[in-house]
Amino acid sequence: MSEKIKFTIDGKECFAEKGANLIEAAKENGVYIPTLCHLEGVKPAGSCRICNVKINGRPMTACTTTLIEGMNIENNVEDIQELRKIIIETLFVSGNHYCPACEKSGNCELQALGYRFKMLVPRFPFEFEEKEVDAEAPKIYIDRNRCILCKRCVRSLKTEDGKSIFAVQGRGYKAMINIDHELAMNMTDEEATHAMDTCPVGSILKKERGYYDPIGSRKYDKKPIGSEIEQIVTN
Amino acid sequence: MPKKITIEPVTRVEGHGKVTIHIDDEGNITQSRLHIVEFRGFERFVQGRPYWEAPVLVQRLCGICPVSHHLAAAKALDVIVGAGTGDGLTPTGEKMRRLMHYGQMFQSHVLHFFHLASPDLLFGVDGDPALRNIIGVAKKFPDLAVQGVMMRKFGQEIIKATAGKKIHGTGAIPGGINKHLTQEEKDSFLNGPDPMNIDKMISWSQDALAFLKGYHKDNKDFIDNFAVFPSSHLSLVRKDGAMDLYHGVLRAIDKDGKKILHDVDYQDYLDYIGEEVKNWSYMKFPYLTEFGKEDGWYRVGPLARMNTCDFIPSPLAQKEFEEFKAYTHGKPNHMSMHYHWARLIEILHCAELMKDLLNDPDLMTGELVTKGTKCSEGVGLIEAPRGTLFHHYAINENDQLTMANLIVSTTNNNIPMNMAVNYTAKQYMTGQKKITEGMMNAVEVAIRAYDPCLSCATHAMGQMPLEVVLVDSKNSIIDRMKR
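Respectively, the protein sequence lines represent chains A and B.
So in my numbering, the last one in the first sequence is 235, and the numbering has no gaps at all.
So in my numbering, the last one in the second sequence is 483, and the numbering has no gaps at all.
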């Protein structure tokens, strides 16, 4: 039997296996730590920074933190929540996110976080930067207007022999997601669907399948993001 | 001294426009124009987007009739995905779309008649502007106002049940629809508590028609002689000549009722229709190419549909149609104010069609989407509340839109509205020394009869500022009047 450790989140006593990832352990204890880049089972990147928490008083990303005994974590506190809201708002203004016509609307994690954090008006100026779309792959469509560079696709979408279908090209504000067209040529329908579902926003889309989920039955139409974790009853 | 009168903005229409009227020294109208002062640009900025986005993206043109744009775009994309030219969908796909469309037509016509047009009828063209608005109607005729609100709500609920949302839904997708009607939705529309059920809607539609016909009887001179001018008329009709608001062939008749566009396939609309651009308006001027830019203009919308179709395929509306046709002895009706009458007959027709569809089991089960061999170009036409709406798209091998051409219903009525403005200005202002608020409203009443959606996006209602500026021939302001 593996060793259990004790830690607290906002004063709540929590338990996890030794060596557990904080964001996943929090989930098991019914605490939602928001994230846009983390995927269970995939090596953490800490790229979106939305999972920032205070650990023993210091801001750190939860997805890259391995729990140790006695950690005191602050999650639902004013300054951390404000920091997260600022990050979400900057993601919105630095991309071209037109939710009204986006087919990911209702299933989009960024939009869902915008609602959760009550982002009512943009307080930062829009950049309206011109971004290219890549529609050449037969099964998927890359819309960089909506990409938040979370790198989920880069880290998790690989061929059977381990080759990455996606990669980051450029650095800093010029960084963008690119696709290996040779590998993309052989993507199956299932892989295309998986790629679309992996993307937290509407940047990777499966071709010719838009708007198949009617309004009212989309992922976040009825319950806000995180609520399924917060409903977990723990001892 | 010559004068130029500017009415800006035109009120109680959808969108923003202005009217200019030039009067010479003798008080004669030398020129009158309806200018559309907004620029939208949808045809350009959809380029590069994936084609399946078009029905959701372009419907943002309008907050009143988004369903019309949504469906016209979806119909064009049906062609592209190989689902036939408007009649190849599954029964569920087509019937759900039709229900959505009739709900839209119903609510939009109701909005226009009760909220935008009724103040002119109830308080008079030159009535007190403080009362001549929807608030005035609500205060003096509360039952009528409630009826308008509830009828519109019913139409909006139908849209929500079929498109997912009352405004800007996502129901229609290339090749079909994304949902069925649920038993709960069906029951609520058929047997909902009074007044929210389809039988009440039919009954209220008949009441509205009775009200208008009564008004017509008492105000024959105004209704029959206001902004009357001969014109051609164009609309879709079903292949057998019946009124069909969702799909059909293109038919146009001339002022005497002779067919000048013989039930053609709208996929070939470019062979028959051209568009002219003028430097004083952002709205284009469509015309039938066979008759040229000067003579090829035509009217669309409820009045045109009454003139082009041979019959209405629902019993109560057909009875009203027969009375409407008998009024002009079967000849085309050119009276602008009869748009209101035609619009109310269509409200009744849509209510009847909605009842039939709500009892149809195909809405609750069956395949939603069908697709075939993809092609690179498609045209979708629909009879929107304000008239024939054209959507035309082309895509490249990567599924991106490369071309979009939209001829919006109101655009088709551009010259007719200018004609109506001209007739009314001449009728009310020629030789007048003082231009009154009532005279200015008369011009707006003429425009309003066409229920224009000037921007197909913004909404103007009630007491918006209206400014008239009198300028001399050197454009110096000599008088200014505000309300």
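Positions of the beta carbon are idealized from the N, C-alpha and C atoms, including for glycine.
Measuring only the C-alpha atoms, how far is GLU275 (chain B) from SER32 (chain B)?
21 Å
For VAL125 (chain B), which beta-bridge partners are listed by DSSP?
Bridge partners of VAL125 (chain B): none, in fact.
Sort A:LYS207, A:CYS63, A:ILE33 and A:TYR173 by Cα distance to GLU191 (chain A) and report the nearest one.
A:LYS207
Within its chain, find whatever has a CB closer than 7 Å to the CB of PHE113 (chain B); leave out the 5 residues flanking it on each side and keep chain order.
So the qualifying residues of the chain are ALA208, HIS340, ARG343 and LEU344.
Quick one: is VAL133 (chain A) near chain B, going by C-beta distance under 8 Å?
yes
What are the residues of the region 387-405 of chain B that lie near chain A, defined by any Cβ-Cβ distance shorter than 7 Å?
ASN398, ASP399 and GLN400
Below 9 Å between beta carbons is the criterion; list the residues of the region 204-216 of chain A that meet it against any residue of chain B, in chain order.
Answer in chain order: LEU205, LYS207, GLU208, ARG209, GLY210, TYR211, TYR212, ASP213, PRO214, ILE215 and GLY216.
Going by beta carbon distance, what residues of the same chain come within less than 7 Å of SER336 (chain B), once the five residues before and after it are set aside?
PHE226, ALA227, VAL228, ALA420, ALA446 and ALA449
So, for GLY48 (chain B): in the same chain, excluding its five sequence neighbours on each side, which residues have a beta-carbon less than 6 Å away from its beta-carbon?
Excluding positions up to five away in sequence, the list reads GLN400.
Leaving aside the five residues before and after CYS456 (chain B) along the sequence, list all residues of the same chain whose C-beta is less than 6 Å from its C-beta, in chain order.
Bear in mind that the predicted position of CYS456 (chain B) carries a pLDDT of just 41, short of 50, making it unreliable; the figure below should be weighed with that in mind. Result list for CYS456 (chain B): LEU61, CYS62 and VAL408, in chain order.
Can you pull the chain A neighbours of GLU276 (chain B), defined as C-beta to C-beta under 9 Å?
Among the residues of chain A, none has a CB under 9 Å from the CB of GLU276 (chain B); the nearest is roughly 30 Å distant.
Measuring straight from C-alpha to C-alpha, what distance separates VAL154 (chain A) and ALA16 (chain A)?
29 Å
Counting contacts by CB-CB distance shorter than 8 Å, is ALA101 (chain A) in contact with chain B?
Yes, ALA101 (chain A) counts as interfacial toward chain B.
Nearest-angstrom Cα distance between ASP24 (chain B) and LYS3 (chain B)?
6 Å
For THR61 (chain A), count the other beta carbons within 10 Å of its own beta carbon; 16 or more makes it buried, fewer makes it exposed. Which is it?
buried
Thinking C-beta only, is GLY93 (chain B) closer than 8 Å to LEU368 (chain B)?
yes
Which residue wins for smallest C-alpha separation from HIS101 (chain B), given the options B:LEU357, B:MET403 and B:GLY372?
B:LEU357
Assuming contact is defined by CB atoms lying nearer than 8 Å, are ASN307 (chain B) and PRO332 (chain B) in contact in what I supplied?
Taking 8 Å as the Cβ cut-off, ASN307 (chain B) and PRO332 (chain B) qualify as a contacting pair.
Going straight from the alpha carbon of MET105 (chain B) to that of ASP240 (chain B), what length do you get?
22 Å
Could you tell me the alpha carbon to alpha carbon distance between LYS85 (chain A) and SER235 (chain B), rounded to whole angstroms?
52 Å
Is the distance from the Cβ of ILE260 (chain B) to the Cβ of SER232 (chain B) below 8 Å?
yes
Whole angstroms are fine: how far does the CA of LEU116 (chain B) sit from the CA of MET461 (chain B)?
With a pLDDT of only 34 at MET461 (chain B), under 50, the local geometry of the prediction cannot be trusted, and no value is derived from it.
Work out the CA separation of ALA210 (chain B) and PHE141 (chain B) for me, nearest whole Å.
16 Å
Looking only at its own chain, which residues have a Cβ that is under 8 Å from the Cβ of ILE202 (chain B), when we skip the five neighbours before and after it?
LEU316, LEU348, ALA351, GLU352 and LYS355
Pull up the CB-CB distance for THR198 (chain A) and LEU149 (chain A), whole angstroms please, since I reckon it's below 8 Å.
Their Cβ separation, rounded to whole angstroms, is 14 Å, which puts THR198 (chain A) and LEU149 (chain A) out of contact at 8 Å.
Give the residues of chain B in contact with TYR141 (chain A), contact being defined as C-beta atoms less than 9 Å apart.
PRO50, ASN398, ASP399 and GLN400
I'd like to know whether the C-beta of GLY462 (chain B) is nearer than 8 Å to at least one C-beta of chain A.
The predicted position of GLY462 (chain B) is uncertain, since its pLDDT is 36 and thus under 50; no value can be drawn from it.
Just how far apart, CA to CA, sit HIS181 (chain A) and GLY155 (chain B)?
47 Å
Where THR370 (chain B) and MET96 (chain B) are concerned, what is the direct C-alpha to C-alpha distance, given to the nearest angstrom?
14 Å
Name, going along the chain, the residues of the region 167-185 of chain B whose beta-carbon falls closer than 8 Å to a beta-carbon of chain A.
HIS168, GLY169, THR170, GLY171, ILE173, PRO174, ASN178 and LYS179
So, is TYR51 (chain B) buried or exposed, given that buried needs 16 or more other C-beta atoms within 10 angstroms?
buried
When the cut-off is 8 Å and only beta carbons count, does PHE165 (chain B) lie next to chain A?
It should be noted that the sequence gives Lys, not Phe, for residue 165 (chain B). So, interface residue.
Could you tell me which of B:GLY82, B:ASN412 and B:GLY380 sits nearest to TYR246 (chain B), measuring between CA atoms?
B:GLY380
Hey, THR90 (chain B) and GLY292 (chain B): beta-carbon distance below 8 Å or not?
No, the pair does not count as a contact, with Cβ atoms beyond the cut-off.
Helix, strand or coil for ASP319 (chain A) per DSSP?
Residue 319 (chain A) lies beyond the range of chain A shown here (1 to 235); nothing can be said about it.
Can you confirm whether the region 206-223 of chain A touches the region 99-112 of chain A when touching is taken to mean that 3 or more C-beta pairs between the two stretches lie within less than 8 Å?
yes
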